[in-house]
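A.B. asks:
Residue numbers (my numbering): 13 to 92.
(1) Does DSSP put residue 60 in a helix, in a strand, or in coil?
(2) By the DSSP assignment, the alpha helix (DSSP H) with residue 35 in it spans what residues?
(3) Quick one: measure Cβ to Cβ for residue 57 and residue 48, integer angstroms, because I've assumed they're closer than 8 angstroms.
(4) As a quick exercise: from 63, 78, 79, pick the residue whose alpha carbon is nearest that of residue 88.
(5) Compute the beta-carbon to beta-carbon distance between residue 68 and residue 32, rounded to the nearest angstrom, for a pair I have assumed lies under 8 angstroms.
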């Protein structure tokens with residue numbers, strides 16, 4: 013089995029969503045969110061990290077929501 017197939021077989025749909033969310037948030041915020049973490053909890057998706065402005069925090073929310081379907085989103089990004 014090729015390595016790519018083995019890696020994709022071990023990934024869950026949540027892993028793909030989390031990776032896509034992280035890439036989208038970093039891209040749409042211009043990398044302004046530091047220590048970005050995207051996690052799945054019992055309550056939905058949680059994004060956390062540090063933003064220099066409230067605007068950057070809001071951009072992260074909008075970027076994540078554009079990639080999600082029905083999962084609830086919690087934005088726990090700190091503005092520092």
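Built from N, CA and C at the ideal position, the CB exists for glycine as well. As the structure is a prediction and not an experimental result, all values here were calculated from the model.
C.D. replies: With the structure as the only source:
(1) In the three-state reduction of the DSSP assignment, residue 60 falls in the strand class.
(2) 25-40
(3) Not a contact, Cβ separation roughly 13 angstroms.
(4) 63
(5) The C-beta separation of residue 68 from residue 32 comes to about 19 angstroms, leaving the pair out of contact by the 8 angstroms criterion.
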